[in-house]
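Colleague:
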Amino acid sequence: RLLNGSNARFYRLRLTSNQDIIQIGNDGGLLKHPVLLKELLLAPAERADIILDFSHLKGQSIIITNDAAAPFPDGTPVDPDTTGQVMQFRVELPLSAPDRSVIPAHLSEITRLKESEAVKHRHLTLNETTDQYGRLLLLLNDMMWDEPITEKPKLNTVEVWNFINPTMDTHPIHLHLVHFQILDRQPFDVDYYQTYHEIITTGPAVPPQPNEKGWKDTVRANPGEITRIIARFDPYTGIYPWHCHILEHEDHDIMRPYQVVK
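Quick note: the sequence shown uses my numbering, first residue 1056, plus one each step.
#1: If we count the other Cβ atoms within 10 Å of its Cβ and call it buried at 16 or more, is Asp1160 buried or exposed?
#2: Taking the continuous alpha helix (DSSP H) assigned at Asp1246, which residues delimit it?
#3: Compare the beta carbon distance of Asn1266 and Asn1081 with 8 Å and say whether it is the shorter of the two.
#4: Quick check on DSSP: helix, strand or coil for His1037?
#5: Hey, which unbroken runs of the beta strand (DSSP E) at 3 residues or more fall wholly within the region 1208-1295?
#6: Given a cut-off of 8 Å on the beta-carbon distance, is the pair Glu1214 and Ala1286 in contact?
#7: Around the Cβ of Lys1271, are there at least 16 other Cβ atoms within 10 angstroms (buried) or fewer (exposed)?
#8: Looking only at DSSP bridge pairs, what is Met1142 linked to?
#9: Name the residue from Ala1123, Ile1105, Leu1148 whose alpha carbon lies nearest to the alpha carbon of Thr1138.
#10: If contact is defined by three or more beta carbon pairs under 8 Å, each pair taking one atom from either stretch, is the region 1180-1189 in contact with the region 1139-1148?
#11: First and last residue of the beta strand (DSSP E) that includes Tyr1188?
#12: Taking C-beta to C-beta, are Leu1095 and Ile1076 nearer than 8 Å?
#13: Determine the contact status of Gln1314 and Lys1207, defining contact as a CB-CB distance below 8 Å.
#14: Alpha carbons only, please: which of Thr1222, Leu1191, Lys1175 is nearest the one belonging to Phe1127?
#15: Just tell me which of Pro1263, His1226, Thr1257 has its CA closest to the CA of Ile1237.
#16: Can you find the residues in the same chain that come closer than 7 Å, C-beta to C-beta, to Gly1130, ignoring five residues on each side of it along the sequence?
#17: Taking 8 Å as the CB-CB limit, is Ile1301 close to chain B?
#18: Taking buried to mean at least 16 other C-beta atoms within 10 Å of its own C-beta, is Gln1249 buried or exposed?
#19: Based on DSSP bridge pairs, tell me the residues matched to Arg1064.
#20: Going by alpha carbons, who is nearest to His1252 out of Glu1101, Thr1166, Asn1196?
#21: For Arg1155, tell me which candidate among Tyr1295, Ser1110, Pro1099 has the shortest Cα-Cα distance.
#22: With distances taken from CA atoms, which of Asp1201, Arg1240, Trp1200, Met1199 is nearest Trp1216?
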């Protein structure tokens, strides 16, 4: 199980052997089917259960590399000699017994939430601005943490949340309490939105990647895109945070409470 526990760094992982990364699970558990990947992208807080097959690589050394710019996606390229290298595997020790394990083609059942079930569609903005001292200030819906709660889903109802990201960064948005499913991502005209506060889409909605189709609690909201998720708000009432999982961002101040009510 891989966890991106970095403050802010994204990782786009590959193997120098150019072999497949076999992903079987993500944030919320097993995927429906195994997914074969040549590269695996993880934002802060995202998790992945993977299987690596070294059975035909006796005597070799394989490095997991990273080429995700920081900040992601258009920041400084990684140094291939430092942050570009994550881990090395040395395939040396013999097996104590033959490995006859097989990855099942079917891993779990995932019931898809339907948009027709949603009782509310919320449009939520990710904002970058500055405070009165000129320092970077990051907000959700242009609101500070301690302002009145504006998102109050009813217990056991389904909602669609639309994350509108006019910023330059990908923000890993994390909801407490619930697991959700990603519906799609769609590009929009950022300049027009910034001027008129209206959405004009500039391309088709794109479904999530195959390894994003399980249950999630963190989603990458990319710059210039509307990222849509769907969730059922259960099993508890109460107040819970939702926030960007880049540590410096959530501290200053891209974090808001929401309240599940009866």
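We put the CB at the ideal spot given by N, CA and C, even for glycine.
Modeller: Short version:
#1: Sequence inspection shows Ala at residue 1160; the Asp mentioned does not correspond to that position. Around the beta-carbon of Ala1160, fewer than 16 other beta-carbon atoms lie within 10 Å, marking it exposed.
#2: For Asp1246, the enclosing alpha helix (DSSP H) begins and ends at 1245-1251.
#3: The Cβ atoms of Asn1266 and Asn1081 lie closer than 8 Å to each other.
#4: This structure leaves residue 1037 out entirely; the chain is present only between 1056 and 1317.
#5: For the region 1208-1295, the full-length beta strand (DSSP E) segments reaching 3 residues or more read 1213-1220, 1226-1230, 1235-1242, 1273-1276, 1280-1287 along the chain.
#6: Yes. Within cutoff.
#7: In this structure Lys1271 is buried. Its beta-carbon is surrounded by 16 or more other beta-carbon atoms within 10 angstroms.
#8: In the DSSP output, where bridge partners are listed per residue, Met1142 has Ile1119.
#9: Cα-wise, what sits closest to Thr1138 is Ala1123.
#10: Counting Cβ pairs under 8 Å, fewer than three are found: no touch.
#11: That residue, Tyr1188, is in no beta strand (DSSP E); it is neither H nor E in DSSP.
#12: Their beta carbons are under 8 Å apart, which means Leu1095 touches Ile1076 by this criterion.
#13: Taking 8 Å as the Cβ cut-off, Gln1314 and Lys1207 qualify as a contacting pair.
#14: Taking only the C-alpha atoms, the option nearest Phe1127 is Thr1222.
#15: Across the set Pro1263, His1226, Thr1257, the C-alpha of Pro1263 shows the shortest separation from the C-alpha of Ile1237.
#16: Taken in chain order, the residues that qualify are Ala1124.
#17: As a matter of chain content, chain B is missing from the structure shown, which is built from one protein chain.
#18: It counts as exposed.
#19: Answer is none; Arg1064 lacks a bridge partner.
#20: With distances taken between Cα atoms, His1252 lies closest to Asn1196.
#21: Comparing Cα-Cα distances from Arg1155 to each of Tyr1295, Ser1110, Pro1099, the minimum goes to Ser1110.
#22: Of the candidates Asp1201, Arg1240, Trp1200, Met1199, the one whose C-alpha sits nearest the C-alpha of Trp1216 is Arg1240.
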